[in-house]
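Participant: Have a look at the structure that comes next, please.
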Amino acid sequence: MLKHLAGSIAILGLSWALASADVQAICASPPTLGGLWRANDGGTYQVRITGTNVFWTGKSADNGRSWTNVFKGTLKGGIITGEWADVGGRNRGSGTLTLRVSGTDFMQRIGATGSGFAGTRWGRGGCNDTQLNPVE
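Here is the structure:
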């Protein structure tokens with residue numbers, strides 16, 4: 020009985036270690052800025068990088084019924100500058116954005132013109148939700 024219990028504990032320990040490794044692998048920073056991002060405006064942003072050019076399509080949480088926007092900008096020295104415009108939903112805003120990039124998994128708005136763009140922080144897939152929704 021004691022031998023069986025020790026074996027079960029060892030298996031549970033191994034399962035926990037593997038589960039922890041999976042979480043770390045999921046939360047590893049992606050190798051590039053391209054891909055799916057989430058922002059504190061509730062939207063998802065599909066980002067594409069070609070050289071120093073940055074493009075995205077952003078959609079509200081209701082699959083773009085409230086708003087959909089596009090962006091075209093340039094990445095230089097960890098700063099993205101460019102123009103955005105609403106192309107769908109109820110909003111009809113446009114303007115410029117300046118974002119500071121931190122690694123490949125966090126962006127923060129540091130400048131903007133125009134009206135109607137609510138996002139100020141972007142992160143990847145929810146690995147560190149405190150970046151998008153800090154306790155204040």
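According to our numbering, the sequence shown is numbered sequentially starting from 20.
Glycine included, C-beta positions come from ideal geometry on N, C-alpha and C.
Just verifying my parser: in three-state terms, what is the DSSP assignment at Ala44?
Facilitator: One-based indexing of the sequence shown puts residue 44 at position 25. Reliability fails at Ala44, whose pLDDT of 45 lies under 50, so the model's placement of it is uncertain and the value that follows must be treated cautiously. Note: Ala44 maps to helix in three-state DSSP.
Participant: What residues in its chain sit with their C-beta under 6 Å from that of Gly107, if we drop five residues either side in the sequence?
Facilitator: Within the sequence shown, the letter at position 88 stands for residue 107. Correct list, in chain order: Gly83, Thr87.
Participant: Bridge partners of Ser113, per DSSP?
Facilitator: As a position in the sequence shown, residue 113 is number 94, starting the count at 1. Note: Ser113 sits in a beta bridge opposite Ala104.
Participant: For a quick check, are the C-beta atoms of Ser85 and Asn59 less than 9 Å apart?
Facilitator: Along the sequence shown, one-based indexing puts residue 85 at 66. Along the sequence shown, one-based indexing puts residue 59 at 40. Their beta carbons are not under 9 Å apart, which means Ser85 does not touch Asn59 by this criterion.
Participant: Tell me, please, which residues DSSP counts as bridged to Ala131.
Facilitator: Taking the first residue of the sequence shown as position 1, residue 131 is located at position 112. According to DSSP, Ala131 bridges with Leu116.
Participant: Quick check: what's the CA-CA separation for Thr123 versus Leu52?
Facilitator: As a first step, residue 123 is located in the sequence shown; it is residue number 104 there, counting from the start. As a first step, residue 52 is located in the sequence shown; it is residue number 33 there, counting from the start. In a straight line, the C-alpha of Thr123 is about 5 Å away from that of Leu52.
Participant: Inspect the beta-carbon positions of Leu94 and Thr71 and report whether they are closer than 9 Å.
Facilitator: For the purposes of this step, residue 94 is taken as residue 75 along the sequence shown, with counting starting at 1. For the purposes of this step, residue 71 is taken as residue 52 along the sequence shown, with counting starting at 1. Against a cut-off of 9 Å, the Cβ pair of Thr71 and Leu94 comes out as a contact.
Participant: Measure the Cβ-Cβ separation of Asp131 and Gly114 and say whether it is below 9 Å.
Facilitator: Along the sequence shown, read from residue 1 onward, the residue named residue 131 stands at position 112. Along the sequence shown, read from residue 1 onward, the residue named residue 114 stands at position 95. Reading off the sequence shown, one finds Ala at residue 131, where the question assumed Asp. Contact flag set, yes.
Participant: Can you list, in chain order, the residues of its chain whose CB lies under 6 Å from that of Gly135, leaving out five sequence neighbours each side?
Facilitator: By 1-based counting over the sequence shown, the position of residue 135 is 116. Shown here for Gly135: same chain residues with a beta carbon closer than 6 Å to its own, the five before and five after excluded, namely Asn110, Gly112 in chain order.
Participant: From which residue to which residue does the beta strand (DSSP E) around Ala58 run?
Facilitator: Looking up residue 58 in the sequence shown gives position 39. Counting along the chain, the beta strand (DSSP E) containing Ala58 begins and ends at 54 to 58.
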